[in-house]
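Novice: Please read through the structure below; I'll follow up with questions.
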Amino acid sequence: MSALPITDLTPIQDLTGRAREIFRLVVEGYLESGQPVGSKTLAGMGAGFGGGPGARNLSPASIRSVLHELEGLGLLGHPHTSAGRVPTDYGLRLFVDGMMQVAEPTADERAAIERRLARPGPVEAALAATSALLSDLSACAGLVMVPRNEPRLSQLTLVPLAPGRALAVLVGEDGAVENRVIDLAGTPRPGALEEASNYITAHLAGRTLAEAARAMQADVASGRSALDEASANLVQRGLAVWSEDGFSDGNRRPVLIVRGQANLLDDAALGDIERIRSLLHDLENKQSVAELLDRAREADATRIFIGAENRLFALSGSSVIASPYRNGDGKVVGVVGVIGPTRLNYARVIPMVDFTAKSLGQSLSKLIG
């Protein structure tokens, strides 16, 4: 079941009407049953040319010819010794992007999501509940990436340690204190560390690390910093050490909440223990999963990662559906989603994840005020 490169996608309109219908029936049959779909099954479904009223049904032999054609295009695979076909990851991508009819969440599903998010409680409880709710409704594992904590500076002090080294002590507005050892280019002049520390506290307090770094760069470029070159370099070095130590743009690493892993242990999964073991191992590596979900932060709509399209879940053959959620100002603060087998019900789950993301954003805006 190899997949062709995403750049080699065959446009759906390039397929004949007969090939499109048979391809659709194979994908829908596989997504419903998880089993390969054969020519006899397709003939029993009334597969024909165009699929409309009065269409001429095809014999199993004619259908096998079309299946072979679709397999040659990389849309279908022929697993093991089965006579049936299953869609490849490439075929699923073509189906999801070009053929699938999305079904809106039912009234009961929308009500369940809104009812759970309307419950009073801390933000953390709402996020954990969202992950569990998505897991229950989708029969997959629910994922929620918690909003990044962007610490704001209250004070940053540079203390000499030894020749060529200093200790940067950051105090956040929330009272948190963190230390980092930084290497200096040579030995600073007397008073330079104190001058740099005072400048940071006086001019950059109240900003996130990323905002402070950008403001400092702008001050240096415009000549407004009122610091000599050596002291300005000390300020920039003191701010930069946090991003170099595993922070992204001055932000703390996001936290991932995963609920419903047991949903991944269905009968089909238990028949392939190595695949499910690989998937559970990947889920344990929450930082890597968070990095994958982070790719959905910049998206305007729900993102779908199918099987081998993402390196993390290539071995386990899993799909991820993820959608960003926003605060009251419209800023993306996190991502919600689900992970399940590639044969999950995309038409139902995609709009469910999208609706949950919008509802969560509205709920958080009320909770945070």
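Residue numbers (the working numbering): 317 to 685.
All C-beta atoms, glycine included, are put in the ideal place defined by N, C-alpha and C.
Since the model is a prediction, treat every value here as computed from it, not as a measurement.
1. Go ahead and label Arg-481 buried or exposed: buried means 16 or more other beta carbons lie within 10 angstroms of its beta carbon, across all protein chains shown.
2. Would you say the stretch 636-654 touches the stretch 428-439, given that touching needs at least three Cβ pairs under 8 Å?
3. Quick one: what's got a C-beta closer than 7 Å to Arg-426's C-beta in the same chain, skipping five residues either side?
4. Anyone know if the C-beta pair for Thr-404 and Gly-414 falls short of 7 Å?
5. Going by beta-carbon coordinates alone, are Leu-694 and Leu-472 separated by less than 7 Å?
6. If Gly-400 and Gly-354 are in contact, beta carbons under 8 Å, what's the gap, nearest whole angstrom?
7. Of the residues Ala-521, Asn-661, Arg-613, which one's Cα is nearest the Cα of Val-649?
8. Look up Ser-634 in the DSSP assignment and give the residues it is bridged to.
9. Which first and last residues belong to the beta strand (DSSP E) in which Arg-481 is found?
10. Closer than 7 Å by C-beta to Asp-499: which residues in its own chain qualify, once you throw out the five before and the five after it? Chain order, please.
11. Following the continuous alpha helix (DSSP H) through Ala-359, name the residue where it begins and the one where it ends.
12. Kindly indicate which residue of Arg-530, Ser-349, Ile-379 has the alpha-carbon position closest to the one of Gly-360.
13. Kindly list the residues whose CB is nearer than 7 Å to the CB of Ala-546, restricted to its own chain and excluding five residues on each side of it in sequence; keep chain order.
14. Under a three-way DSSP split, which group does Pro-376 fall into?
15. Give the single residue among Val-475, Ala-501, Ala-548, Arg-468 whose Cα lies nearest to the Cα of Gly-488.
16. Per DSSP, which one or two residues make a beta bridge with Val-382?
17. Between the alpha carbons of Asp-561 and Val-412, how many angstroms are there, rounded?
18. Going by DSSP, which residues form a beta bridge with Glu-494?
19. How many angstroms separate the CA atom of Gln-577 from the CA atom of Ile-622?
20. Starting from the Cα of Ile-573, find the closest Cα among Glu-600, Leu-347, Asn-549 and give me that residue.
21. Report the rounded CA-to-CA distance for Val-536 versus Ala-492, giving the unit in angstroms.
22. For Gly-677, I'd like the list of residues in its chain whose CB is within less than 7 Å of its CB, leaving aside the five on either flank, ordered along the chain.
23. Would Val-654 and Leu-450 be called neighbours here (beta carbons separated by less than 7 Å)?
24. So, Gly-554 versus Ala-484, is the Cβ gap smaller than 7 Å?
25. Give me the Cβ distance between Arg-575 and Gly-458, rounded to the nearest whole Å; I'm assuming they're in contact under 8 Å.
26. Ignore the nearest five residues each way along the sequence and tell me which others in Asn-549's own chain have a CB closer than 8 Å to its CB.
27. Identify which residue in Arg-664, Lys-682, Pro-395 has its Cα closest to the Cα of Val-418.
28. Beta-carbon separation of Val-382 and Gly-393 under 7 Å?
Specialist: Working from what's here:
1. Against the sequence shown, residue 481 aligns to sequence position 165. Here Arg-481 is exposed. Its C-beta has fewer than 16 other C-beta atoms within 10 Å.
2. no
3. The residue given as residue 426 occupies position 110 in the sequence shown. Excluding residues within five positions, the ones whose Cβ falls inside 7 Å are Phe-671.
4. Reading the sequence shown from its first residue, position 88 is the one you call residue 404. Reading the sequence shown from its first residue, position 98 is the one you call residue 414. Their beta carbons are not under 7 Å apart, which means Thr-404 does not touch Gly-414 by this criterion.
5. Lying outside 317 to 685, the shown extent of the chain, residue 694 is not represented and no answer is given.
6. Here residue 400 corresponds to residue number 84 of the sequence shown, with the count starting at 1. Here residue 354 corresponds to residue number 38 of the sequence shown, with the count starting at 1. That pair is a contact at about 4 Å.
7. In the sequence shown, residue 649 corresponds to position 333, counting from 1. The option with the nearest alpha carbon to Val-649 is Arg-613.
8. Working through the sequence shown from its first residue, we reach residue 634 at position 318. In DSSP, Ser-634 forms a bridge with Pro-657.
9. As a position in the sequence shown, residue 481 is number 165, starting the count at 1. Where Arg-481 is concerned, the enclosing beta strand (DSSP E) stretches over 481-488.
10. One-based indexing of the sequence shown puts residue 499 at position 183. Within the same chain, Asp-499 has close Cβ partners Gly-480, Arg-481.
11. Here residue 359 is taken as the residue at index 43 of the sequence shown, counted from 1. Taken as a continuous stretch (DSSP letters only), the alpha helix (DSSP H) holding Ala-359 covers 355-360.
12. Residue mapping note: residue 360 aligns to position 44 of the sequence shown, counting from 1. Of the candidates Arg-530, Ser-349, Ile-379, the one whose C-alpha sits nearest the C-alpha of Gly-360 is Ile-379.
13. Indexing the sequence shown from 1 puts residue 546 at position 230. Correct list, in chain order: Pro-504, Arg-505, Ala-508.
14. Along the sequence shown, one-based indexing puts residue 376 at 60. Of the three classes helix, strand and coil, the one that applies to Pro-376 here is helix, per DSSP.
15. Walking along the sequence shown from the start, residue 488 turns up at place 172. Nearest C-alpha to Gly-488: Arg-468.
16. Taking the sequence shown and counting its residues from 1, the one referred to as residue 382 is at position 66. In DSSP, Val-382 forms no bridge with anything.
17. As a working note, residue 561 is residue 245 in the sequence shown. As a working note, residue 412 is residue 96 in the sequence shown. Any reading at Asp-561 needs caution, since the residue's pLDDT is 48, under 50, leaving its predicted position unreliable; the model's value is listed next. Between Asp-561 and Val-412, the C-alpha separation is close to 40 Å.
18. Working through the sequence shown from its first residue, we reach residue 494 at position 178. The partner list for Glu-494 (beta bridge, DSSP) reads Leu-486.
19. As a position in the sequence shown, residue 577 is number 261, starting the count at 1. As a position in the sequence shown, residue 622 is number 306, starting the count at 1. Their backbone Cα atoms lie some 18 Å apart in a straight line.
20. Residue numbering aside, residue 573 sits at position 257 when the sequence shown is read from its first letter. Taking only the C-alpha atoms, the option nearest Ile-573 is Glu-600.
21. For the purposes of this step, residue 536 is taken as residue 220 along the sequence shown, with counting starting at 1. For the purposes of this step, residue 492 is taken as residue 176 along the sequence shown, with counting starting at 1. Their backbone Cα atoms lie some 28 Å apart in a straight line.
22. Here residue 677 refers to the residue found at position 361 when the sequence shown is read from its first residue. Correct list, in chain order: Tyr-641, Arg-642, Asn-643.
23. Here residue 654 is taken as the residue at index 338 of the sequence shown, counted from 1. Here residue 450 is taken as the residue at index 134 of the sequence shown, counted from 1. For Val-654 and Leu-450, yes; Cβs fall inside 7 Å.
24. In the sequence shown, residue 554 corresponds to position 238, counting from 1. In the sequence shown, residue 484 corresponds to position 168, counting from 1. Cβ atoms of Gly-554 and Ala-484: closer than 7 Å.
25. Within the sequence shown, residue 575 is the residue found at index 259, counting from 1. Within the sequence shown, residue 458 is the residue found at index 142, counting from 1. Between Gly-458 and Arg-575 the Cβ distance is about 5 Å, and since that is below 8 Å, they are a contact.
26. Counting from one through the sequence shown, the residue named residue 549 turns up at place 233. Hits under 8 Å: Ala-501.
27. As a position in the sequence shown, residue 418 is number 102, starting the count at 1. It is Arg-664.
28. One-based indexing of the sequence shown puts residue 382 at position 66. One-based indexing of the sequence shown puts residue 393 at position 77. No, the Cβ-Cβ distance between Val-382 and Gly-393 is not below 7 Å.
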